[in-house]
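Chains as they are written, first to last, in the numbering used here: chain A, 2 to 293; chain B, 2 to 293. Note that CB positions come from ideal geometry on N, CA and C, so glycine has one too.
2 protein chains.
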Amino acid sequence: MINLADAEVLVEAVTAGSLAAASRRLGIAPMVASRRLAALEAELGVRLVHRTTRALSLTTAGEAFLPHARALLEGEAGARAALRPEALGASGLLRVSASNAFARKIIGPLLPPFLAAHPALKVEVLATDHRVDLAADGVDLAIRAGRVLDNSQMAKRLGDSPRHLYASPAYLAARGQPRRLADLVDHDCLTQTSLPYWDFMIDGHVLHHRVQSRLSANSIDMIHEACVAGAGIACMADWNATREVTGGMLVPLTLEDAVVETWGIWAITPSPRLVPPKVRLFVAAVQERLQQ
Amino acid sequence: MINLADAEVLVEAVTAGSLAAASRRLGIAPMVASRRLAALEAELGVRLVHRTTRALSLTTAGEAFLPHARALLEGEAGARAALRPEALGASGLLRVSASNAFARKIIGPLLPPFLAAHPALKVEVLATDHRVDLAADGVDLAIRAGRVLDNSQMAKRLGDSPRHLYASPAYLAARGQPRRLADLVDHDCLTQTSLPYWDFMIDGHVLHHRVQSRLSANSIDMIHEACVAGAGIACMADWNATREVTGGMLVPLTLEDAVVETWGIWAITPSPRLVPPKVRLFVAAVQERLQQ
DNA sequence: GTCAGCATATCGGAAAATGATATGATCAAC
DNA sequence: GTTGATCATATCATTTTCCGATATGCTGAC
Chain A
2 MINLADAEVL VEAVTAGSLA AASRRLGIAP MVASRRLAAL EAELGVRLVH
52 RTTRALSLTT AGEAFLPHAR ALLEGEAGAR AALRPEALGA SGLLRVSASN
102 AFARKIIGPL LPPFLAAHPA LKVEVLATDH RVDLAADGVD LAIRAGRVLD
152 NSQMAKRLGD SPRHLYASPA YLAARGQPRR LADLVDHDCL TQTSLPYWDF
202 MIDGHVLHHR VQSRLSANSI DMIHEACVAG AGIACMADWN ATREVTGGML
252 VPLTLEDAVV ETWGIWAITP SPRLVPPKVR LFVAAVQERL QQ
Chain B
2 MINLADAEVL VEAVTAGSLA AASRRLGIAP MVASRRLAAL EAELGVRLVH
52 RTTRALSLTT AGEAFLPHAR ALLEGEAGAR AALRPEALGA SGLLRVSASN
102 AFARKIIGPL LPPFLAAHPA LKVEVLATDH RVDLAADGVD LAIRAGRVLD
152 NSQMAKRLGD SPRHLYASPA YLAARGQPRR LADLVDHDCL TQTSLPYWDF
202 MIDGHVLHHR VQSRLSANSI DMIHEACVAG AGIACMADWN ATREVTGGML
252 VPLTLEDAVV ETWGIWAITP SPRLVPPKVR LFVAAVQERL QQ
């Protein structure tokens, strides 16, 4: 077994430039540093650094091993961090990223009971329709709706996100109801600028349908409002329209020959496996709400 | 410092169900297992497992710590693996994934000198236009062309991939040369099924241009052939067309008001930081070739 | 109630890490 | 060229830790 203290000497020695300097930084005797490095090399059966009295230089093996040593030490620190009280329980700060629509419709209503259930937890929601770099923005969790992907190693699937075409009753009264996919050309379709096509399922196949659009916006909320106001037909997640549907402000449309492709809701965490409890709890809360 | 041997006892004990079983698996005395676990708990200052005589159960802290312990042990194994002779030098098997076009045009010509320079290395190229799950398919390296992304943490940028519109001289003689973006509507544009739009740069802004396409294919090679045969205008990476341009079979088009967005070439590795030498060498070879 | 399996306490001995000093080697400055 | 400072490491006594074997208290099954 590799001794992490030995690995630490290696890393320090390389960055500090000499074993003596490393020993000073680590607060140990120079010989201890020397012995630890020797022990590591003995354990691995390879010479890691070439030592001339004045300068250290990594051998090829050392070059290959060093990043792993660094990773091990980081892993050790991470393991300890996982035991800090604020990481252990549901306390501290939880930063969640989600799209604007998802934040409003799903996360918003879910927060009061969640916060009540975990009094020591603070939640910060980063609502943005742009992709987020988890690590860079210090986000603990990002929730995205998107096409069904298989690389479940990177993201955890929280549930389905069925989608439909929606329009307002006024619009339908004026323009009629489309029956088939082909009928859509005679209608005003409202699209997201970044998504100029709609994906339909036709007996198992995905059809990439380019949409004739007179109005497009980069915000799905904008589309949503325009749709309610009768501007045309929008393609939205069901959870984004349920309230208006029950209120009679929007009507879901079904075509005879095609259904809108169902998307998935995905939870993305910086490291998919080492998920702290607070994140796990929040993900569970979202998942529960999605199943309602 | 966490002792990895201690962590190993924890992991074994949890999977085996008892310290005694773990000790048998690890080939150590039962008490040694007990002591190591105790030492780990002392080191961390937390109780990790609740021990009743009959069954072990993880405490909350243990629950949080266990995945980190597993990660540490995996890291240790990975660190050792990095020193195996075949991982150290440029030897063994290197599995590379790339698109069909990229494999043919860039990787293919690069391979003979590369293989000659590293005689102990075997290379397996996985040419596919689908995305690949690196870990699942045992791929050491995937090379993808795509939009310029900033999340450099996941992928390493190998170079630019400038792109242009191309057409055959015969097609241009028959149909004329488009001068402006708007002229494209009068032309036959050849698109990839998965990419039904072309991205242009117009004074700093990206324009998502939906393309009127009478012929689309899921293979860029197919498009390429059709384009040479005079079927219309295709949007391709320059490296995919140079040979035909020098041979006079294709002509690059420039529009007055828009240029095709330049893409990047990205190298994606299973773990972005712990890159084995053989992968590093290959990436360097690709990068060098791209700069020619 | 008996017994088997488990976790762990105890303790002598072995092994390993440590501390202080010493040695040879290298580079810089005079 | 010589001196001195710095460095890596050897040596050895000491302390600390680790290990092995036996022993003890406990729990659940038969």
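(request) Identify which residue in B:97, B:22, B:45, B:68 has its Cα closest to the Cα of residue 86 of chain A. (result) Working through the first sequence from its first residue, we reach residue 86 of chain A at position 85. Residue 86 of chain A has its Cα closest to that of B:45, out of B:97, B:22, B:45, B:68.
Original post:
Out of curiosity, what's the CA-to-CA distance linking residue 92 of chain A and residue 122 of chain A?
Top reply: By one-based count along the first sequence, residue 92 of chain A stands at place 91. By one-based count along the first sequence, residue 122 of chain A stands at place 121. Their backbone Cα atoms lie some 4 angstroms apart in a straight line.
Per DSSP, cross-strand counterpart(s) of residue 253 of chain A: Taking the first residue of the first sequence as 1, we reach residue 253 of chain A at position 252. According to DSSP, which records beta bridges pairwise, residue 253 of chain A is partnered with A:167.
Check your understanding: Nearest-angstrom Cα distance between residue 176 of chain A and residue 232 of chain A?
Key -> Stepping through the first sequence from its first residue, residue 176 of chain A is reached at position 175. Stepping through the first sequence from its first residue, residue 232 of chain A is reached at position 231. C-alpha separation (whole angstroms): 11 angstroms.
*Residues of chain B with a CB under 9 angstroms from the CB of residue 206 of chain A: which are they?*
Within the first sequence, residue 206 of chain A is the residue found at index 205, counting from 1. Residues of chain B passing the Cβ test: none, with the nearest at roughly 12 angstroms.
is_contact[residue 72 of chain B, chain A] using C-beta, thresh 9 angstroms: Locating residue 72 of chain B in the second sequence gives position 71, counting from the first residue. True, the Cβ-Cβ gap to chain A drops below 9 angstroms.
Discussion item. Give me the chain A residues within the contact set of residue 66 of chain B, using Cβ-Cβ distance strictly less than 7 angstroms, ordered along the chain.
Written reply: Taking the first residue of the second sequence as position 1, residue 66 of chain B is located at position 65. The answer, in chain order, is 80, 83, 84.
Distance CB(residue 188 of chain B)-CB(residue 261 of chain B) smaller than 9 angstroms: As a working mapping, residue 188 of chain B is identified with position 187 in the second sequence. As a working mapping, residue 261 of chain B is identified with position 260 in the second sequence. No, the pair does not count as a contact, with Cβ atoms beyond the cut-off.
Here's a check: name, in chain order, each residue in its chain whose Cβ is nearer than 7 angstroms to the Cβ of residue 229 of chain B, leaving out the five neighbours to either side. Here residue 229 of chain B is taken as the residue at index 228 of the second sequence, counted from 1. Answer for residue 229 of chain B: 169, 245, 250, 251, listed in chain order.
Between residue 158 of chain B and chain A, is there a C-beta pair that is closer than 9 angstroms?
-> Indexing the second sequence from 1 puts residue 158 of chain B at position 157. No, no contact with chain A.
Rounded to whole angstroms, what's the CA-CA distance from residue 83 of chain B to residue 279 of chain B? Just pull it up for me. Counting from one through the second sequence, the residue named residue 83 of chain B turns up at place 82. Counting from one through the second sequence, the residue named residue 279 of chain B turns up at place 278. The straight-line gap from Cα to Cα measures roughly 11 angstroms.
- Message: Under 9 angstroms, Cβ to Cβ, is there at least one residue of chain B near residue 93 of chain A?
- Response: For the purposes of this step, residue 93 of chain A is taken as the residue at position 92 of the first sequence. Not an interface residue.
Residue 37 of chain A: buried (16+ other C-beta within 10 angstroms of its C-beta) or exposed?
In the first sequence, counting from the first residue as 1, residue 37 of chain A sits at position 36. Classification of residue 37 of chain A: buried, given that the 10 Å Cβ count is 16 or more.
Taking DSSP as the reference, what is the three-state secondary structure of residue 192 of chain A? Taking the first sequence and counting its residues from 1, one reaches residue 192 of chain A at position 191. The answer is strand: DSSP assigns residue 192 of chain A an E or B state.
(Q) Can you give me the C-alpha to C-alpha distance between residue 221 of chain A and residue 71 of chain B, rounded to a whole angstrom? (A) Locating residue 221 of chain A in the first sequence gives position 220, where the first residue counts as 1. Locating residue 71 of chain B in the second sequence gives position 70, where the first residue counts as 1. If I take the Cα positions, the gap works out to 42 angstroms.
Check your understanding: Does DSSP classify residue 58 of chain B as helix, strand or coil?
Key -> Position 57 of the second sequence, counting from 1, holds the residue named residue 58 of chain B. It is a strand residue.
Can we say the segment 58 to 77 of chain A touches the segment 73 to 81 of chain B, given the rule of at least three CB pairs closer than 8 angstroms?
yes
First through last residue of the alpha helix (DSSP H) which encompasses residue 225 of chain B
Here residue 225 of chain B refers to the residue found at position 224 of the second sequence. Run containing residue 225 of chain B: 221 to 229, per the alpha helix (DSSP H) assignment.
| message | Give me the residue from A:14, A:65, A:4, A:29 with the minimum Cα distance to residue 281 of chain B. | response | Within the second sequence, residue 281 of chain B is the residue found at index 280, counting from 1. Nearest option by C-alpha distance: A:65.
Would you check if the distance between the CB atom of residue 124 of chain B and the CB atom of residue 115 of chain B is smaller than 9 angstroms? One-based indexing of the second sequence puts residue 124 of chain B at position 123. One-based indexing of the second sequence puts residue 115 of chain B at position 114. The answer is yes: Cβ separation under 9 angstroms.
| task | Along the alpha helix (DSSP H) that carries residue 200 of chain A, what are the first and last residues, could you check? | result | Taking the first residue of the first sequence as 1, we reach residue 200 of chain A at position 199. Segment 198 to 203 is the beta strand (DSSP E) holding residue 200 of chain A; no alpha helix (DSSP H) there.
**Asked** Of all the CB atoms in chain B, is at least one closer than 9 angstroms to the CB of residue 3 of chain A?
**Response** Along the first sequence, read from residue 1 onward, the residue named residue 3 of chain A stands at position 2. Yes - at least one Cβ of chain B is within 9 angstroms of the one on residue 3 of chain A.
Practice item. Taking C-beta pairs closer than 8 angstroms, name the residues in chain A that residue 77 of chain B reaches, listed in chain order. Key: Indexing the second sequence from 1 puts residue 77 of chain B at position 76. What residue 77 of chain B touches in chain A: 2, 3, 73.
Shorter than 9 angstroms from the beta carbon of residue 25 of chain B to some beta carbon of chain A?
Position 24 of the second sequence, counted from the first residue, corresponds to residue 25 of chain B. No, because no Cβ of chain A sits closer than 9 angstroms to the Cβ of residue 25 of chain B.
Whole-number beta carbon distance between residue 181 of chain B and residue 258 of chain B, since they are thought to touch under 8 angstroms: Taking the first residue of the second sequence as position 1, residue 258 of chain B is located at position 257. Taking the first residue of the second sequence as position 1, residue 181 of chain B is located at position 180. With 8 angstroms as the limit, residue 258 of chain B and residue 181 of chain B qualify as a contact, their Cβ atoms being about 5 angstroms apart.
*DSSP three-state assignment for residue 125 of chain A, whether helix, strand or coil*: As a working mapping, residue 125 of chain A is identified with position 124 in the first sequence. Three-state result, residue 125 of chain A: strand.
| request: Could you spell out where the beta strand (DSSP E) holding residue 157 of chain B opens and where it closes? | output: Position 156 of the second sequence holds residue 157 of chain B. Residue 157 of chain B -> beta strand (DSSP E) spans 156 to 162.
Taking beta-carbon pairs under 8 angstroms, can you tell me which members of the segment 184 to 213 of chain B lie near chain A? 194, 195, 197, 198, 209, 211
Under 9 angstroms, Cβ to Cβ, is there at least one residue of chain A near residue 110 of chain B?
Walking along the second sequence from the start, residue 110 of chain B turns up at place 109. Chain A, which has no Cβ nearer than 9 angstroms to the Cβ of residue 110 of chain B, makes this no.
(Q) Can you tell me which residues form a DSSP beta bridge with residue 209 of chain A? (A) The count along the first sequence starts at 1 and reaches residue 209 of chain A at position 208. Answer is A:200.
- Delimiting residues of the alpha helix (DSSP H) encompassing residue 280 of chain B: One-based indexing of the second sequence puts residue 280 of chain B at position 279. Here the alpha helix (DSSP H) through residue 280 of chain B covers 278 to 292.
Quiz item: According to a CB-to-CB cut-off of less than 7 angstroms, which residues of the segment 42 to 62 of chain A neighbour chain B?
Solution: 45, 47, 61, 62
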